[in-house]
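Numbering (this note's numbering), first residue to last: 2 to 335. A short write-up of the structure that comes next.
Listed below in structure tokens is the structure:
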């Protein structure tokens, strides 16, 4: 592991509503090295976006609260600093590409004004110099300078996403969080945006957390992978660990749902059931109601996170603690 840039320890995030407490993130543990790319994969509702907003300091309290945990960036716990200090970090050292570029852009400001504003907020430069740098960033993301004074509605979805990427990278951050940056784009534009993000990451040496549903994007982009379910990490490791030797039943189920061109099947596999209600998380393993191998222990006790091989492949499952008398978990069982 390289020098740690970000370390999240036992992070818990709750939202207090009239209907009850929403347990959005439950004991999250993650780490990210300098210049490394981490892919976080999971179903809708797993807590991926909520976790990223917590890193950015954008959880509204109330109704949100963070009862336990630490978010350490360069050794400093961000949860213990003042909002004014957080603003100096947000956008300058830690930036985020939001899922929907249209809602991330101000419709009544030109794109160059929006990027210039981000630069002026964090660097002591004149308005003219900030605009010049903004135009340079647009050129970096392959947008012609002649279009710098146009408004967001004058751009296609892919172009708007490029503007958001330019804004996020304008101050050369150490950490970039990309929340499903290609979801709203067609396949051709997806490939172009991902290629550009990889090129920029290598050029600027930026570490990245990529949130996605798509294992194909993870395979193209990431060094390490974390599988998230019901607000916690159930498996994590290097890209090779996860793609070649997935261990957790949930991870294996996700891979089983990917089309295989070499197999002639009538229907794709699907994991039975739904993600648990975040107001009513199971008392034992959160995946036990949907798991083929679940036994009574799984429904009563939460499993520990175990190192299953090498130095970096971790799984949160009773099977690997030797607590269950069961067959070896294999993809063919699903």
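Glycine included, every Cβ here is placed at the ideal spot set by N, Cα and C.
Considering only residues of the same chain and omitting the five flanking positions on each side of residue i, which have a CB-CB separation below 7 Å?
i, result
"residue 328", "Note that residue 328 scores a pLDDT of 49, beneath 50, so its modelled location is shaky and nothing firm can be said."
"residue 136", "113, 146 and 149"
"residue 23", "15, 16, 279 and 280"
"residue 274", "290 and 291"
"residue 302", "285"
With 16 other CB atoms within 10 Å as the buried threshold, where does residue i fall?
i, result
"residue 161", "buried"
"residue 260", "exposed"
"residue 320", "buried"
"residue 182", "buried"
"residue 237", "buried"
"residue 180", "buried"
"residue 168", "buried"
"residue 15", "buried"
"residue 12", "buried"
"residue 279", "buried"
"residue 254", "buried"
"residue 291", "buried"
"residue 109", "exposed"
"residue 27", "buried"
"residue 127", "exposed"
"residue 104", "exposed"
"residue 289", "buried"
"residue 284", "exposed"
"residue 277", "buried"
"residue 25", "buried"
"residue 91", "buried"
"residue 6", "buried"
"residue 188", "exposed"
"residue 220", "exposed"
"residue 297", "exposed"
Which residues in the same chain have their Cβ closer than 8 Å to the Cβ of residue i, if we skip the five residues on either side of it in sequence?
i, result
"residue 258", "269, 270, 271 and 272"
"residue 18", "64"
"residue 9", "29, 30, 31, 32, 52, 56, 70, 71, 72 and 73"
"residue 164", "102, 106, 112, 115, 116, 139, 142, 144, 153 and 156"
"residue 197", "142, 143, 163 and 166"
"residue 178", "53, 56, 57, 95, 96, 97, 98, 209, 210 and 212"
"residue 194", "159, 162, 163, 166, 182, 183 and 186"
"residue 201", "141, 142, 166, 170 and 207"
"residue 120", "126, 131, 134, 135, 171 and 172"
Under a three-way DSSP split, which group does residue i fall into?
i, result
"residue 96", "strand"
"residue 128", "helix"
"residue 110", "coil"
"residue 74", "strand"
"residue 68", "strand"
"residue 293", "coil"
"residue 83", "coil"
"residue 328", "With a pLDDT of only 49 at residue 328, under the threshold of 50, the placement of this residue in the model should not be trusted; the figure read from the coordinates follows. The answer is coil: DSSP assigns residue 328 none of H, G, I, E or B."
"residue 235", "strand"
"residue 227", "strand"
"residue 34", "strand"
"residue 309", "strand"
"residue 88", "helix"
"residue 122", "helix"
"residue 58", "coil"
"residue 142", "coil"
"residue 319", "helix"
"residue 282", "coil"
"residue 44", "coil"
"residue 24", "strand"
"residue 15", "strand"
"residue 150", "coil"
"residue 10", "strand"
"residue 167", "helix"
Kindly list the residues whose CB is nearer than 6 Å to the CB of residue i, restricted to its own chain and excluding five residues on each side of it in sequence; keep chain order.
i, result
"residue 1", "Coverage of the chain is limited to positions 2 through 335, which leaves residue 1 absent and any answer about it impossible."
"residue 93", "123 and 172"
"residue 235", "228, 249, 251 and 317"
"residue 286", "299 and 304"
"residue 323", "none"
"residue 39", "33, 210 and 225"
"residue 47", "229 and 230"
"residue 87", "58"
Can you determine whether any heavy atom of the ligand GTP sits closer than 7 Å to the C-beta of residue i, and answer yes or no?
i, result
"residue 55", "Among the components modelled here there is no ligand, and therefore nothing to report on the ligand GTP."
At least three beta-carbon pairs within less than 8 Å, the segment 48-67 to the segment 193-205: Verdict: no, contact absent.
Minimum length 4: unbroken alpha helix (DSSP H) runs contained in the segment 182-212: Runs of the alpha helix (DSSP H) inside the segment 182-212: 188-205.
Secondary structure, alpha helix (DSSP H): runs of 4+ residues fully inside the segment 243-280: As far as the segment 243-280 is concerned, its whole alpha helix (DSSP H) runs of at least 4 residues are 250-257.
Any 3 or more C-beta pairs closer than 8 Å across the segment 230-242 and the segment 35-55: Verdict: yes, contact present.
Validate contact between the segment 184-196 and the segment 149-156 using beta carbons, cut 8 Å, 3 pairs: Contact between the segment 184-196 and the segment 149-156 is absent, because fewer than three Cβ pairs lie under 8 Å.
Three-pair Cβ contact test at 8 Å for the segment 73-90 versus the segment 238-247: Result no; under three Cβ-Cβ pairs closer than 8 Å.
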